[in-house]
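Residue numbers (the working numbering): 10 to 135.
In structure tokens, the structure reads:
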């Protein structure tokens with residue numbers, strides 16, 4: 010698995026970091042950070058060296074993404090997330106988006122505690 014960490018500072022370049030999981034399958038939580046599950050903890054471990062005062066975004070795919078991880082990283086992240094990991098957010102099904110055509114999308118906002126999450130589902134036939 011790979012995690013894309015994208016720098017928006019002066020260099021503007023992206024780099025890939027390889028995630029090495031614990032072979033035992035145990036969740037490797039970082040003591041000073043919340044345990045956000047095995048896959049989310051991988052992202053937190055890789056993002057740890059990034060200074061919080063710098064502008065950056067961490068992008069991850071649906072295997073890593075969870076609401077708990079997004080809340081932990083705050084405004085510094087974006088990721089793909091399966092519908093079943095978004096409780097209370099009712100989005101159009103694939104068939105409805107497909108009927109509206111290529112490039113169609115639906116956008117919703119969800120409140121989790123005091124945090125607003127922006128959710129976008131789009132149809133691109135890929």
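Quick reminder that beta carbons are idealized off the backbone N, C-alpha and C, glycines included.
Reduced DSSP secondary structure (H/G/I, E/B, other) of residue i
i           : result
residue 115 : strand
residue 1   : Absent from the structure is residue 1, since the part of the chain shown begins at 10 and ends at 135.
residue 52  : helix
residue 78  : helix
residue 19  : Bear in mind that a pLDDT of 41 at residue 19, under 50, signals an unreliable position, so the model cannot answer this.
residue 120 : strand
residue 99  : coil
residue 10  : The predicted model places residue 10 with a pLDDT of 35, which falls under 50 and marks its position as unreliable, so this point remains unresolved.
residue 105 : helix
Span of the beta strand (DSSP E) around residue i
i           : result
residue 45  : That residue, residue 45, is in no beta strand (DSSP E); it is neither H nor E in DSSP.
residue 67  : 65-69
residue 126 : 124-131
Inter-residue Cα distance where the pair is residue i and residue j
i           : j           : result
residue 56  : residue 121 : 23 Å
residue 74  : residue 110 : 27 Å
residue 115 : residue 107 : 12 Å
residue 130 : residue 44  : 27 Å
residue 128 : residue 81  : 17 Å
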